[in-house]
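Residues 78 to 391 (full-length UniProt numbering) make up the sequence shown, in order. Report on the structure given below.
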Amino acid sequence: ATPTAVMVATGIGANHGVLVKGGDALERAQNVNYVIFDKTGTLTQGKAVVTTAKVFSGMDLGDFLTLVASAEASSEHPLAKAVLEYAFHFHFFGKLPSSKDGIEQRKEQILSQWLLEAEDFSAVPGKGVQCLINEKKVLIGNRALLNENGVSVPPEAESFLVDLELNAKTGVLVAYDSSFVGLMGIADPLKREAAVVVEGLKKMGIHPVMLTGDNWRTAQAVAKEVGIEDVRAEVMPAGKADVVRSLQKDGSIVAMVGDGINDSPALAAADVGMAIGGGTDIAIEAADYVLVRNNLEDVITAIDLSRKTFNRIR
Ligand code: ADP
Ligand code: MG
């Protein structure tokens, strides 16, 4: 393609909200064999909502939610935001003044009135968070987090959790002072266009893959809904780029679509990195493309644009 053709294509892309950083990336997209999608925030809306909270110890549900919210208040993770929202509504539903606007603005102030002080907070990548509350250790996250801290999940809780996961929900487990306390089920609906885009890629001869840190059962359930057969689940943040490299080994051209900090190494490793607009700045920096509209149809738009630009003029 001539420099003019590349310039025209770049302009057409920009008009559709597909920003491409340079002619090389534009050229590589035509030959993509695999499109790897991050699950949370990429295939899904990234608007996690708590659907269940269940205590398995004697703890009062309100106290349980206070504990969880206090620990998650320092986390930026979408799951943490969902948990805080749920706790907030549990504590204040029915006590809200008539104007909801005021409440939204005062939320932080209101929350701070009943949140407990969390000390030594740390995020455990791919697993959850931990901190100290009332000098006792609080763990919130997946099985791996509880396991590596020697906390066992009782059988009734485990079977409740499995049920949630089979229904495409992510389970968040909670331990206090080395004992399992309860869990929450969190739903994050697929983007409306996700299944159509997956189908479209298959028709173009491209192999779609789902990549996630979430557990196998949840990942499989979501993959089934969206029509993806190739699933890579329980992948630690550092492992996402390895998945890209393993697919590239036989010379395949790999595109990666993602939104989070976790995804940036994989976006950089991919032949074509596509960051979802509204995603993390670090992801946007690592990518070759930015899909400004946060619409997965633009993955196809980007590949089409490359095919048209380079096939026609070759
Ligand atoms: P993804 O690849 O889907 O973006 P992450 O690597 O961010 O997933 O997280 C993997 C898993 O770790 C989550 O599915 C969840 O079980 C657990 N997790 C991570 N952060 C948190 C948190 N702040 N609260 C609860 N669970 C968490
Ligand atoms: Mg994500």
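Cβ coordinates follow ideal geometry from the N, Cα and C atoms, glycine included. Bear in mind that the values here come from a model prediction, so they are computed numbers and not experimental data.
Could you check the C-alpha separation between residue i and residue j for me, to the nearest Å?
| i | j | result |
| --- | --- | --- |
| V239 | G354 | 33 Å |
| V201 | R183 | 30 Å |
| D307 | G282 | 15 Å |
| N219 | A125 | 16 Å |
| V83 | D327 | 28 Å |
| F133 | F237 | 10 Å |
| G88 | A271 | 26 Å |
| E320 | G118 | Inspection of the sequence shows that residue 320 is occupied by Val rather than by Glu. Distance between the alpha carbons of V320 and G118 is about 19 Å. |
| A106 | L344 | 14 Å |
| G259 | T247 | 14 Å |
| M136 | S189 | 22 Å |
| N388 | R322 | 27 Å |
| P285 | E104 | 20 Å |
| G205 | P80 | 48 Å |
| K158 | V312 | 22 Å |
| H93 | L161 | 36 Å |
Tell me which residue opens and which closes the alpha helix (DSSP H) that residue i is part of.
| i | result |
| --- | --- |
| H154 | Note, H154: premise wrong, no alpha helix (DSSP H); not H, not E. |
| L222 | R220 to E225 |
| L368 | It is not in any alpha helix (DSSP H) - L368 instead sits in the beta strand (DSSP E) that spans Y366 to L368. |
| M84 | P80 to N92 |
| G259 | Here G259 belongs to no alpha helix (DSSP H); instead the beta strand (DSSP E) covers S256 to A264. |
| P342 | S341 to A346 |
| V303 | W293 to V303 |
| V228 | No alpha helix (DSSP H) holds V228; DSSP gives it neither H nor E. |
Identify, in the order they occur along the chain, each residue of the same chain with its Cβ nearer than 7 Å to the Cβ of residue i, setting aside the five sequence neighbours on each side.
| i | result |
| --- | --- |
| K268 | L120, T121, Q122 and L373 |
| A102 | V349, D365 and Y366 |
Using C-beta distances below 8 Å, list every residue in its chain close to residue i, excluding the 5 sequence neighbours before and after it, in chain order.
| i | result |
| --- | --- |
| L223 | L216, S229, V230, L250, A252 and F257 |
| A360 | G335, D336, G337, I338, D340, S341, L344, A352 and I353 |
| residue 392 | In the structure as shown, the chain begins at 78 and stops at 391. Residue 392 is therefore absent and cannot be evaluated. |
Using DSSP with H/G/I as helix, E/B as strand and the rest coil, what is residue i?
| i | result |
| --- | --- |
| K204 | coil |
| G248 | strand |
| T128 | strand |
| T121 | strand |
| A332 | strand |
| R309 | strand |
| V321 | helix |
| A363 | helix |
| P174 | Note that P174 has pLDDT 47, beneath the 50 cutoff, so the model's placement of it is unreliable and the number below is only indicative. Coil, per DSSP. |
| I217 | strand |
| L96 | strand |
| D327 | coil |
The beta strand (DSSP E) that contains residue i, what's its start and end?
| i | result |
| --- | --- |
| F237 | First-last for F237: P232 to L243, but that is the alpha helix (DSSP H), not the beta strand (DSSP E). |
| M136 | Run containing M136: none; DSSP gives neither H nor E here. |
| G350 | V349 to I353 |
| D115 | Y111 to D115 |
When burial is assigned at 16 or more other CB atoms within 10 Å of the CB, is residue i buried or exposed?
| i | result |
| --- | --- |
| M351 | buried |
| P232 | exposed |
| N339 | buried |
| R309 | buried |
| K280 | exposed |
| M333 | buried |
| K213 | exposed |
| G203 | buried |
| M261 | buried |
| D115 | buried |
| S199 | exposed |
| Q207 | buried |
| D140 | exposed |
| D291 | buried |
I'd like the list of long-range same chain contacts for residue i, defined as Cβ closer than 6 Å, with 5 residues on each side in sequence excluded.
| i | result |
| --- | --- |
| G277 | I377 |
| G171 | Note that G171 scores 45 on pLDDT, short of 50, meaning its location in the model is unreliable and no value can be drawn from it. |
| G356 | D336 |
| T386 | A78, A82 and A86 |
| K98 | D365 |
| V331 | Y111, V321, L324, Q325, A347 and D348 |
| P266 | Q122 |
| G90 | V97 and L382 |
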